[in-house]
Structure formats: C-alpha cells, structure tokens
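Step one of this worksheet: look at the structure below.
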Amino acid sequence: MAVMANTFAMTALLIALGVSGNSSLAADIGIVHGASLALFFAFSANARSLILSKSSPVSAKSIMLARLILLMPLSVVSYFLSVGAGVESHLAIVLILRRAVEWLGEVQLSEMERLGRNKEAEFYLVVQSLLLAVGFGWLMFNMPDPYLGLWLWAIFPLLLNLSAIVNAFSAVSQSLGGLYISLFPHLGSSAVIGITIYTFRLLLLYTAGKETAGDLFAAFAIGGLTGSIFANALGASITFHEQQSGKRHSLWFLRTALNSSLMGGVVIFIAAVVRWPVLEMAGKSYLFWQAVGLSLIGGVVMVYAQRIRFRLLQNDEEHDVFGPDVMMNILLLATVPFAYYLLGRESMAGLYLLSAVLAYIFYISYLQGEVTRQLSEYMRRRIKLVIAIALLFPLFFQASHGIFHDPSYEFNSDGKLLNLPVPLSVFACYAGIVLLGGYRCAYFSFLTIFLTCILMLLSNIFSTMGDPVRQEAKLVLLVQFVLPMFALVLGQMYQSNSKMNVGIGVGKMFLWVLVVIVPLQLVSSWYQGSPYLVPSVGGVFSIYQLTKYVPVIFVSGYLVALFALWHLPTYRRAVLVLAPFMTFYVAASLSVLAIGLILFGFFVLAVYYWRSKKEKMPVVVFMLAVILSWSYLQWANYSDVADEELSFVDTIALQSPTQEKPSQEENQIAENMQAVGSEKPGRVVSSIQQRVLYWSYFLNGVMSSPETFMFGHDSRPDRNKYPSARNYYLDFIYNYGLLALFPILALLTYTCALIYRLQRQIYLLPWLTGLSVVVLILLFVDNSLGVGLRQPYPGIFTFFLWGLLLNHLLSLNAERKSS
C-alpha cells in the first residue's frame, strides 16, 4: 500500500482534477507526469523487480546512488519537455520535484519490503495520503497561493528518504560502470515505456485538443487503475512472495477487483454507447465514460500481461523484456494518429485497452519463445515459408474498398488514410514477429529501432520548439519512418538450425510468387495493347506504386532465388524458364534501376560460377538477358502505342502512353526548374534533372545551419512541389537530422564490416553471396535514388532481407571467433 501511495499520488491528483471539472489543469499535470515519467521511469531499469529478485546482482544502495547522480540532469530535461509543451513553469517545477522524490522513495520502499520493515512502510503510507489531501484541497478551495499545498506535498516526503540517501553514499566505492552495464537491458525496457507515455500524451493532446485530452487522461487513469496498481506496486510483491514460498499466489481481493473491473467496464461502456442520461449528471461527456469503460476492461487484460512480465523479470535471468516493450509501445504510438484520422475521435476511447492487448500478446509470445514450438519441424518451416510469400506478394488493401483495384499509374489517396493502399506484407511482418517470438536473437534490431525512435523524438521536440501543428505532422512522419523497420526484427528472427535451409526455403517462396505474378501481369499488359506494364494483374487486383518500387523489389526477390536455387537441378530449370519473363518485365517497367539490377545480378552469377566451377551456363544467361532487354525496349519504342506522345514517369522519365496531358508532377517540376534559373523542360523531363533538382533543394536545406544538419527542419516542404528528397538518407536528415540517422548508419557500417571480415565464409555459400549483393544494392543504390525504406512494401522487404543477412553474418562471426 505504501508503494501505491508513493507511485500513484500524481495519478490520483490527475483523476481528482479531471473528475472535478478542471480538465485543462489535468491535461497540464498529465503532460508533466508524462515528461517526468518518460525520463525517471526510463532510468528506473525495473529496479523494484531487481531489488526483490533473489538472483539480482545489484543492491538497493547502489541503485539509490545511481539515481542521485542522475536526478539533476533528468529533472532539467523534464522541465524543458514540460514547458516546451505549454505547461506553466511554476507548476512544472513543483510536479517534477514531486516526481523526483517519488523516484527516490521507490528504492527505499522496495528495500523495506525485502527486509520486512512493515511499520515504517505503514507510516510512509499515512504521511503520503495526508499530504495528497492537503495538496488537492489547497487547489480546490482557491487558497491565496494555489501551489503552496503542492509544494508541501512535493518536499515533505523527502525527509522520509533521508536515511536511505545517506546510506547510499556507502556504495560509492562500488563500480557504477559495472552497475550500468548490468542494468542496460532493463534501462532500455523501462526507457521505451517511459518515453512512450510522454509521446502518447503529446499525440493525444495535439490530435484531440486540450479539453478532450484532459478527459481521456483522467479516464485512462481511472479505468486503468487496476492494471497500473498491479504493474507498479502489487505485481512485483506478489512475484517476490511466490519466490519466497515456492507457491503461486492468487489473492482473493485481486480476483474480486478484476471481476468487478470487468463487469463494471462492460456496464459503463454499454451505458455510454446507448447514452444513458444518468451519466450526464456527472458533467462528463459520453466519450469520457466510453474511455472509462473500455479502460476498466483493459485493466484486467493488463494485470495478466504484467503478471507474465514480472515472472520473466524476477524468475528468469535470460529475459529482459526489452524486445516486447519496444514492439508494443511503438505500435501503440503508431495507432494514435491512425485511429483518430481513420476511425474518428470516438475511437481514441479504446487506446488503453489496445495497449493492454498488445502487452499481453507480446509478453506471452516472448514467454513461449516460439508460439509454434509445440508443432512439428515441418509445420514450423511451412509457417516461415508462408511469411516469405506474403512479404513479396504485391497484394494491397484499402480500409474503404477492400482489395486495391485501380487502373491508374499514379493513384492519389487525396490524403485520406481510408483510401491508402496497405500491402499484405505489413500484416505478415507483425504476425510473423508474434509467431516466431525469438526476441533475444533480434537484439541488434530492437536496439537500432529504439535508439532511432528516441533520437527522432528528441529532434522533433528540439526543431519544432513546441509548435503543436508542426510537432503533430512530424510525429506522423516519424511513424511512417519507423514502422517498416520492424521487418529488420523479423529478418533476425527468421532463423533455422540449418543455414542452407533458410536460403533455399526463402528462395523457393520468392520464386513461386514471381512465377505466378510476372507472366500474368505481362500477358495482362499485352492483352490491353500496351508494351509497358499496367497496374492491373489479370483484372483481379492492382499493384500500387507499380513503376516506382515494385520492379526493383521483384528483381531483388528473383536474384535471392537465383543464387539460392541455381545448384539444385529441378529449381534451376524453373529459374531459367522465368529468366526471359523477368527480363521482359523489367524492360516493360521502364525502370533503369530494375534493368541494371537484373543484368548486374546475372553478371555476378556468371563471374561467381565461372571462377568457382568454370560453369558456362550463367555466362549464356547474362548475354541473353542483355539481348532480350535491349530487343524488348526497341520493340516497345517502335510499337503503335509507343508512337503516341509519352508523358513523364518517375522511373526513367517515361510513363504509360495512355496519358495525353502532362501530369501535375511534371508541370510542377517545370515551375521549380524555372524558379532556380533553369530552362523550361520539354514534355519529357529527364529523371536525372528531376533528382538533381530535388537533391539540391534538400541538400541546401540540410546545410542551411548546424542546427538543421543535426536536428532537422521544423516542418516538411510543400509535398506538391517536393514530395520527397528522392534519397532516403537525405530525406531522413532533412526531417530529423544526422543525429537521428546515426543508429541506422552505425548498423549499416557494422553490416559492411562483417561482410568484409567474413568474405571468405560468405563466398562458400552462394545464397549468402547473392543475398549480400542484393542487400548492399538496395541499401546503397536503391535508397540513394528513392525513399523505399520508408514505404511499407519496399521498406518491409528491404529491412527483412537486411535482418536475414545480419543474423547469418552474426552466426558466422560467432563461429569464426569460437574456432
């Protein structure tokens, strides 16, 4: 109970103010609470569970000392985060001070529980309860100095912690460096939760408005009280006593609370949906009551999720829950803007319930290691192969119309998320992570995503300087950058006992997807009288962004299959039969990069097998590919359809000849080039000119000042004039700065270093050689000419291949060190 009084005092104040009609003040407290929680909780490193754990190597004294060292810098940063979000400075100071005292008190109370000092804990409980009543009463009764009561509430508990603070200095002789190393995985876990709380509240504030956000903060706090109490107070204690007794505890009052919360949540939610007049008597909106009802239900789910989390932390030294925490919290952040713009304001009432469901899914997935482990090896392999098919298969869905079907080359969603085509690979990526569950083997990926997300958030705060409109726009863009990165996790999880089986299995699935789609789309295009690809695939569905990204991704998948299956006679025949279709496909796509990539892939295959086995067949395939691609382009150029005046297209300045008028993009490029002093281009604009124009604009923006170079611009450029930088890395730096890109650059550098170090071992495995070539081209060439890594379909596929390559490079490196 003392832990609850210490931990939930500010939450209780927020609830009391929200219910009493002070929504604006409740919103301010929610922001300060979120900002301080983002930092103090981030550096808590699951300390309570570690102090209560028998197997923990750290002591309460050393943790207290570490917190005292971090206290001032964390408080200062919390202050700037709060004031930057529009909170009054006086209020921010007193609340941050209170949160700092709570942070220190958590260590002392955990040590009291471990040693069984119950009397001291009871006194702590009484004092905390009285001080909270004083602080709230002082505000409600409009006393002369409204914040005096809050100052007493913040400062006085510090006296209760003095003995623990003094004792902490006896641990100075211990190595703080060793302490932080042992705490690092737990720091990441708590950091992602704390930062998510702050960002979640900011997104809620900017999207729903201050009054609505204040109501939702209070509703989530009320409804989620059961889950929060268990997560921050009861859970660690129950698990600690289970360790002590060796028996599983099922407390009657906890069961009663869960049942009451579940039934109460259902009743309140139904009453709010049918707009029961009795609820209006409390003076709160029906949205508030819907949020309360759904959060009460979510509190029950959260208790079960947190129960799993505490068992992982206190009973199993092999688990640090960093991976599941990164997954669920970033997905929760992504949900906020999408829920608001897709489903409307009312959908935000269910966000706490969603967070509880995500927590349960990822914790149970991590607990089991692999959900599929009870199945046979045959079935597990089949599940992985289905995932590989779904990652390459170009099927898109719209929330408004189901399967995407549009005949145009440049589909415009009009800025409506309901119309935005979402690829099948998005669902395959996240479902695959849950099914495979190998979080520990994806540590590099999680660390990269986590650090990138943190640095992007800091860049967003620094560059926008509290402007809510610009912060909201850049937060939505942040989600677009981060979501495809989780395919990196899936790639690292996608492992097998046999390295060869992974390459062959993935290659087979990519091959069968291409065997179905490529000939069908070619025939469909020819049937419609066009030598160039049309978006429709046999009239069944259409491919989104056909001329921009899909040809390069298809060629990448084909090259992975080519190198993995060439040595297998049966599949070699299939690869050879598909080769001319792939050559025609890339020529019909008019993508210079796709044409160059497939010819380069055939060339590398020819050199590889000529050097290793003196095999001539790949040389013949390469020569035929050159002849066929050139011949197809000549035929297309002189066909009846090609005689029409061509319009501009992104890939090589050519597009479907069915478009008679210059596109809006073409006209805009002409205007942009005139504005910078260039001559007006003709109807066909060179893709090189276009890219140089965009690169110049974005590069000038990046180099405009040291601040923009490090932290990015405060807003995106006009998308009608400059939709992107046509370079992923330049686009990233323009929006978020070099500092935020550093984790990705570091991982990219590390991958290249591993490839160089292990080049002999890689050369012995043809499929790994091909995979290395494809990944390097996608990362260095494709994304230097486009922004595929932030688009769902090409981004997920590229990050997946990168993760797959990284996982096997790490395995080879470990074998090399052990030998």
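Per this note's numbering, the very first residue in the sequence shown carries number -3; after that it's consecutive.
All residues carry an ideal CB built from backbone N, CA and C; glycine is no exception.
Express the C-alpha separation of residue j and residue i in angstroms, rounding to a whole number.
i	j	result
Phe196	Val28	13 angstroms
Ser814	Leu754	14 angstroms
Val317	Gly428	18 angstroms
Glu468	Leu741	26 angstroms
Leu781	Phe580	23 angstroms
Leu761	Asn723	32 angstroms
Val582	Asn809	36 angstroms
Leu774	Thr747	13 angstroms
Gly295	Thr222	5 angstroms
Leu329	Asn408	26 angstroms
Thr444	Leu743	7 angstroms
Ile151	Leu144	11 angstroms
Gln476	Gly279	38 angstroms
Ile379	Glu611	35 angstroms
Leu35	Leu70	6 angstroms
Tyr732	Trp147	38 angstroms
Leu21	Thr7	13 angstroms
Trp631	Tyr435	51 angstroms
Ala117	Leu338	48 angstroms
Gly340	Val262	21 angstroms
Met277	Val15	12 angstroms
Arg607	Met298	59 angstroms
Ala560	Phe577	19 angstroms
Asn157	Ile266	46 angstroms
For a cutoff of 9 angstroms on Cβ pairs, would you count residue i as touching chain C?
i	result
Gly190	Although the question refers to chain C, the structure presented lacks it and comprises just one protein chain.
What span of residues does the alpha helix (DSSP H) with residue i cover, start to end?
i	result
Phe392	No alpha helix (DSSP H) contains Phe392, which is instead part of the beta strand (DSSP E) from Phe392 to Gln394.
Pro547	Val546 to Leu561
Ser455	Tyr439 to Thr460
Lys115	Asn114 to Met136
Gln755	Gln755 to Tyr759
Ile65	Ala56 to Gly80
Glu102	Ser85 to Leu111
Pro702	Pro702 to Phe707
Arg568	Pro565 to Ser585
Lys813	Pro788 to Ser814
Arg607	Val588 to Lys609
Ile360	Leu347 to Gln364
Given 8 angstroms as the limit, tell me if residue i has its C-beta closer than that to any heavy atom belonging to the ligand NAD.
i	result
Leu431	As far as ligands go, the structure on display features none, and thus does not contain the ligand NAD.
Under 6 angstroms Cβ to Cβ from residue i, same chain only, skipping five residues before and after it: list those, please.
i	result
Pro790	Tyr545, Ile549 and Gly784
Val472	Pro333
Ser720	Asp727 and Val783
Met323	Phe358
Asp646	Interpretation of Asp646 is limited by its pLDDT of 41, a score under 50 that renders its predicted location unreliable; no figure is taken from the coordinates.
Ser494	The predicted model places Ser494 with a pLDDT of 46, which falls under 50 and marks its position as unreliable; any figure quoted below should be read in that light. Excluding residues within five positions, none has a Cβ falling inside 6 angstroms.
Met496	Its pLDDT being 47, under 50, Met496 is placed unreliably by the model, and the measurement read from it follows with that caveat. Cβ neighbours of Met496 beyond the five flanking positions: none.
Quick check on this structure: which residue in the options has the alpha carbon closest to the alpha carbon of residue i?
i	options	result
Asn816	Met323, Arg687, His397 and Arg251	No information on residue 816 is available, as it lies outside the stretch -3 to 815 that the chain covers here.
Leu388	Asn803, Phe796 and Leu800	Phe796
Ala386	Ala355, Phe423, Ser351 and Leu586	Phe423
Val573	Leu620, Leu542 and Val485	Leu620
Leu93	Ser78, Leu105 and Gln104	Ser78
Pro403	Val322, Ser538 and Gln517	Ser538
Ala384	Gly501, Glu703 and Leu593	Gly501
Ile191	Val770, Leu453 and Trp606	Leu453
Leu750	Met136, Gln517 and Trp798	Trp798
Leu381	Gln491, Arg341, Phe37 and Cys449	Gln491
Arg63	Tyr426, Tyr730, Ile161 and Ala81	Ile161
Tyr439	Ser701, Asp321, Asn456 and Met699	Asp321
Ser343	Phe226, Leu212, Val270 and Asn716	Leu212
Ile591	Ser625, Phe618 and Cys449	Ser625
Ile758	Ala96, Glu84 and His804	His804
Please go through the same chain and pick out, in chain order, the residues whose beta-carbon is closer than 8 angstroms to the beta-carbon of residue i, but skip the five residues on each side of it.
i	result
Pro788	Val418, Pro419, Ser421, Val422, Leu479 and Pro480
Asn163	Lys57 and Met60
Output needed for residue i: all residues of its chain with C-beta closer than 7 angstroms, excluding positions within five of it in sequence on either side, in chain order.
i	result
Ala268	Leu275, Tyr282, Trp285, Gln286 and Gly289
Leu135	Pro142 and Gly145
Leu516	Val533 and Gly534
Ile11	Ala214, Ala217 and Ile218
Which runs of the alpha helix (DSSP H) fall wholly inside the stretch 461 to 532 and span at least 4 residues, in chain order? 464 to 478, 482 to 489 and 495 to 523
Could you name each continuous alpha helix (DSSP H) segment of 4 residues or more that falls completely within the stretch 185 to 212, going from the start of the chain to the end? Runs of the alpha helix (DSSP H) inside the stretch 185 to 212: none found.
Within the stretch 726 to 783, note down every full alpha helix (DSSP H) run reaching 4 residues or more, in order along the chain. 755 to 759 and 762 to 776
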